[in-house]
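Protein chains: 2
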Amino acid sequence: MLLRARELDEADPLADYRDRFLLPDEVIYLDGNSLGALPRATPKRIAEVVGTEWGHGLIRSWNSADWIGLPQRVGGKIAPLIGAAPHEVIACDSVSVNLFKLISAALELRPGRNVVLSEPGNFPTDLYMIEGSRAEQRLADRESLAGALDDCVALLLLTHAHYKTGAVFDMAALTKAAHDAGALVLWDLSHSGGALPVDLRSCGADFAVGCGYKYLNGGPGAPAYAFVAERHHDALRQPLSGWMGHAQPFAFDDAYRPAPGVDRLLCGTPPVIQMTALEVGVDLVAEMGVERLWAKSRALSEFFRECLGKTELELVSPTDADARGSQLSYRHEEAYALSQTLIARGIIGDFRAPDILRLGFAPAYLTFEDIARAAAALREILDTGAWDRDEFRQRAAVT
Amino acid sequence: MLLRARELDEADPLADYRDRFLLPDEVIYLDGNSLGALPRATPKRIAEVVGTEWGHGLIRSWNSADWIGLPQRVGGKIAPLIGAAPHEVIACDSVSVNLFKLISAALELRPGRNVVLSEPGNFPTDLYMIEGSRAEQRLADRESLAGALDDCVALLLLTHAHYKTGAVFDMAALTKAAHDAGALVLWDLSHSGGALPVDLRSCGADFAVGCGYKYLNGGPGAPAYAFVAERHHDALRQPLSGWMGHAQPFAFDDAYRPAPGVDRLLCGTPPVIQMTALEVGVDLVAEMGVERLWAKSRALSEFFRECLGKTELELVSPTDADARGSQLSYRHEEAYALSQTLIARGIIGDFRAPDILRLGFAPAYLTFEDIARAAAALREILDTGAWDRDEFRQRAAVT
Chain A
22 MLLRARELDE ADPLADYRDR FLLPDEVIYL DGNSLGALPR ATPKRIAEVV GTEWGHGLIR
82 SWNSADWIGL PQRVGGKIAP LIGAAPHEVI ACDSVSVNLF KLISAALELR PGRNVVLSEP
142 GNFPTDLYMI EGSRAEQRLA DRESLAGALD DCVALLLLTH AHYKTGAVFD MAALTKAAHD
202 AGALVLWDLS HSGGALPVDL RSCGADFAVG CGYKYLNGGP GAPAYAFVAE RHHDALRQPL
262 SGWMGHAQPF AFDDAYRPAP GVDRLLCGTP PVIQMTALEV GVDLVAEMGV ERLWAKSRAL
322 SEFFRECLGK TELELVSPTD ADARGSQLSY RHEEAYALSQ TLIARGIIGD FRAPDILRLG
382 FAPAYLTFED IARAAAALRE ILDTGAWDRD EFRQRAAVT
Chain B
22 MLLRARELDE ADPLADYRDR FLLPDEVIYL DGNSLGALPR ATPKRIAEVV GTEWGHGLIR
82 SWNSADWIGL PQRVGGKIAP LIGAAPHEVI ACDSVSVNLF KLISAALELR PGRNVVLSEP
142 GNFPTDLYMI EGSRAEQRLA DRESLAGALD DCVALLLLTH AHYKTGAVFD MAALTKAAHD
202 AGALVLWDLS HSGGALPVDL RSCGADFAVG CGYKYLNGGP GAPAYAFVAE RHHDALRQPL
262 SGWMGHAQPF AFDDAYRPAP GVDRLLCGTP PVIQMTALEV GVDLVAEMGV ERLWAKSRAL
322 SEFFRECLGK TELELVSPTD ADARGSQLSY RHEEAYALSQ TLIARGIIGD FRAPDILRLG
382 FAPAYLTFED IARAAAALRE ILDTGAWDRD EFRQRAAVT
């Protein structure tokens, strides 16, 4: 398969982008869906924002380096990656905090309705933020969601690509179903934004949030982003009404007046250094293009399945590459030991409790050769039954 | 005065710390109360967290570099600076977001009471976050606060050192007054933490929040911190119940169970890079010691007043150095032009609408010579009447 892999790499239109990232030589990184890799341009840009903008510019850089405009500028660059207009997206806070803002906003926009509908097994923070809000939480399995939409439901909150299985919702169909029932929709794009084609506008989505540190390569704890469809801009109210979301933050008025549009989602002072790192990552994704990334992602995961062949692993991701995110998840009762054994060999995927081995195929920096090698290693580990990391090391030491 | 200043610098026990910061030569920085200066150690530490921990360690660094423990570790280091125990403080989110958590928590702890009492002219975000919460906001002038504490008041929320005037509240007395009325107290330490002596425990304070990018020198948009007195740890509930505040975030349970103690204030993924920068700043403040910083701060501001002498400026900060924070604020109808004229000369203070020239005396990196030069420049500008920046430049060009 290595020859095949090299041919595929030769033909890969994104092949040159591998060198735009700094990755350790000894690692095959199948966890970009958890934390994206480091763009080569990021350290220099961060050194500049720290040394020059902070160190030399000091407080003046809020204006001279346009720190104050970062949330809008970075949000505006994320917008085309998710089918939104630039003024509909803002980069700020965490996914969790943005969920709270938009759950609360949806309840305000749908008076008399108090239910937020989601699915069991959604990413935990999505469910926890519903719990923390004043909404009543209702959970229904994905095949029962449409039927669970009644006139109590203010908001349908779903994760577009499931964090554990990668299964992708039909965004257009579910958005329509929610709207038909009089509910709003909030899409969590953490596992799809920057990796899969997302077209919020054509779906008529109301709200979305997404993660900056996965496919956008913004670094650990990068700011998240939030989308609000333009038609909701004027009526939108959210409770985290901090000074940065005020119409005139530097008027220092005692009374809150929301800024226009998505700016009112801002709360506290933006994390300038991480926001700058996120901008580098976003620029890179925009340059590669989501369509090309998505095509390569599907090719990588299909090639992995081909290289791996039939094993005792149970694929829990959809077998149709179009129906899953940029990942393959396998169920095995020894999934944890398996993931540790892979990591000891420099093949970094991850484990999701209780029994999932999750392998991500971030197309920006993976080669087909990486894929062939990772599949061969997994196959060998399965064939030799070397589950246990310590046992595996002992075997390695004596052979 | 320059000779006097040099003598004072000679005798300054913190003089050597000036070189632990990177400041541009041509600047006298009187705005550390808005954005602290860059510690010399920060760029290297950031380069390490970016290049080595993110770039090489990748997802593994959550454990191997203990990214996951950063909020507790940094919070624990801030604790002794504000008279708290390490397990009572956590670094996370922004001041605004932390205010929301603790306002909401206070309302839960005082059922039947719905009022949050503050003062008009408090820092805007403190007032705006009360507005955003489900509380009823009540404002009373600082001399009327004690009288406004009735059995409707769940929480007294005040900023210890006023952002505009620097006036400092008697934390012990107001905490006692609130407790006598059955209310809880939340202190915003943004303009005092790391600059003034704060002893939350001996005052019996319930909650506090504070800023990471002012006197703690954590960089633009550094994470904030939050304090919860140990006696409230078990009963504390807050609505931003994100996955990082779960008892077992990586169990990925559908139902939220709060983590023990202040950990339940966590919400989303911590901003690792900015958190690391904050740690460097906090370590430096801890090394200098708040008592020494506070002594120098008072000496700097008193020396400034002496150097400036009598002018048409109206001091709105308390004349007693013990009754104000690390700043002097002057009222003048041309305060904006005055601040711009100073900035054009490399003397960076700031303007606070509508008519305040605010000069900060961050003692970590200012010299007495800086103070003498800044005062002389201000005096000269006032004497020559060169208010207008453009006019001042024209004068400078022809003389």
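Protein chains in written order, with the numbering used here: chain A, 22 to 420; chain B, 22 to 420.
Cβ atoms here follow ideal geometry from the backbone N, Cα and C, with glycine treated the same way.
Can you tell which of 270/B, 359/B, 237/B has its C-alpha closest to the C-alpha of residue 333/B?
359/B
CB contact check: residue 267/B to chain A, cutoff 8 Å:
yes
In three-state terms, what does DSSP make of residue 308/A?
helix
Considering Cα atoms alone, identify which of 168/B, 243/B, 152/B, 92/B is closest to residue 63/B.
The shortest C-alpha separation from residue 63/B is found at 243/B.
Just to confirm, is the Cβ distance from residue 177/B to residue 204/B under 8 Å?
yes
DSSP state of residue 289/B, grouped into three classes?
coil
Please report the distance separating the alpha-carbon of residue 96/B from that of residue 330/A.
49 Å
Given 8 Å, three or more beta-carbon pairs between the stretch 82-92 of chain B and the stretch 220-236 of chain B
In this structure the stretch 82-92 of chain B does not lie against the stretch 220-236 of chain B, because fewer than three pairs of beta carbons, one per stretch, are closer than 8 Å.
DSSP-derived helix/strand/coil call for residue 209/B:
strand
Nearest CA to the CA of residue 30/A: which residue from 393/A, 398/A, 403/A, 406/A?
393/A
I believe residue 42/A touches residue 27/A by the beta-carbon criterion, under 8 Å. Please report the beta-carbon distance rounded to the nearest angstrom.
At roughly 20 Å, the Cβ-Cβ gap does not stay under 8 Å, so residue 42/A and residue 27/A are not in contact.
Name, going along the chain, the residues of the stretch 86-116 of chain A whose beta-carbon falls closer than 8 Å to a beta-carbon of chain B.
88, 114, 115, 116: these are the residues of the stretch 86-116 of chain A whose beta carbon lies less than 8 Å from some beta carbon of chain B, given in chain order.
Rounded to whole angstroms, what's the CA-CA distance from residue 418/A to residue 262/B? Just pull it up for me.
Any reading at residue 418/A must be qualified, since the residue scores a pLDDT of 36, below 50, and its modelled position is unreliable; no value is offered.
Let's test the definition: count the other Cβ atoms within 10 Å of the Cβ of residue 186/B and tell me whether it reaches 16, buried, or not, exposed.
buried
Run of the beta strand (DSSP E) containing residue 245/B, from where it starts to where it stops
245-249
Give a yes or no on whether the C-beta atoms belonging to residue 175/B and residue 156/B are separated by under 8 Å.
A contact, by the Cβ cut-off of 8 Å.
Proximal residues of chain B, C-beta to C-beta of residue 56/A below 9 Å:
75, 79, 80, 82, 83
Any chance the CB of residue 385/B is under 7 Å from a heavy atom of the ligand NAD?
Annotation note on the ligand NAD: not contained in the displayed structure, which lists no ligands.
Are the C-beta of residue 290/A and some C-beta of chain B separated by less than 8 Å?
At least one chain B Cβ lies under 8 Å of residue 290/A.
Counting only beta-carbon atoms, is residue 415/A nearer than 8 Å to chain B?
Annotation note: pLDDT 42 at residue 415/A (below 50); position unreliable, coordinate value reported separately. Chain B, which has no Cβ nearer than 8 Å to the Cβ of residue 415/A, makes this no.
So what does residue 384/B bridge to, in DSSP terms?
Note: residue 384/B sits in no beta bridge, so no partner.
Could you work out which residues of chain A lie near residue 150/B, taking near to mean beta carbons separated by less than 8 Å?
261, 262, 263
In chain order, which continuous runs of the beta strand (DSSP E) of length 3 or greater are located wholly inside the stretch 157-210 of chain B?
Correct list: 157-160, 174-180, 205-209.
Neighbourhood of residue 257/A by C-beta, 7 Å cutoff - its chain only, sequence neighbours within 5 removed
126, 249, 285
Please list, in chain order, the residues of the stretch 277-309 of chain B that have any C-beta partner in chain A closer than 8 Å.
Within the stretch 277-309 of chain B, the qualifying residues are 277, 288, 289, 290, 291, 292, 293, 294, 295, 296, 298.
What in chain B is Cβ-close to residue 373/A, meaning under 8 Å?
Result: 273.
Helix, strand or coil: how does DSSP classify residue 51/A here?
coil
Own chain, CB closer than 7 Å to residue 318/A, minus 5 neighbours either side, in chain order
216, 347, 382, 384
Are the CB atoms of residue 357/B and residue 372/B within a distance shorter than 8 Å?
yes
Taking Cβ-Cβ distances shorter than 8 Å, what residues in chain E pair up with residue 154/B?
In the displayed structure, chain E is absent; the protein chains listed are A and B.
Roughly how many angstroms separate the alpha carbons of residue 36/A and residue 388/A, rounded to a whole number?
7 Å
Apply the 10 Å Cβ neighbour rule to residue 85/B and answer buried if 16 or more other Cβ atoms are within range, or exposed otherwise.
exposed
Looking only at DSSP bridge pairs, what is residue 371/A linked to?
Residue 371/A is bridged by DSSP to 379/A.
Less than 8 Å between the CB atoms is what I'm expecting for residue 110/B and residue 246/B, so what's the real figure, rounded?
6 Å
Any idea if residue 327/A is buried or exposed, counting beta-carbon neighbours within 10 angstroms, 16 or more meaning buried?
exposed
So which residues on chain B does residue 186/A lean against when the C-beta distance must stay under 7 Å?
Chain B residues near residue 186/A: none, gap ~12 Å exceeds 7 Å.
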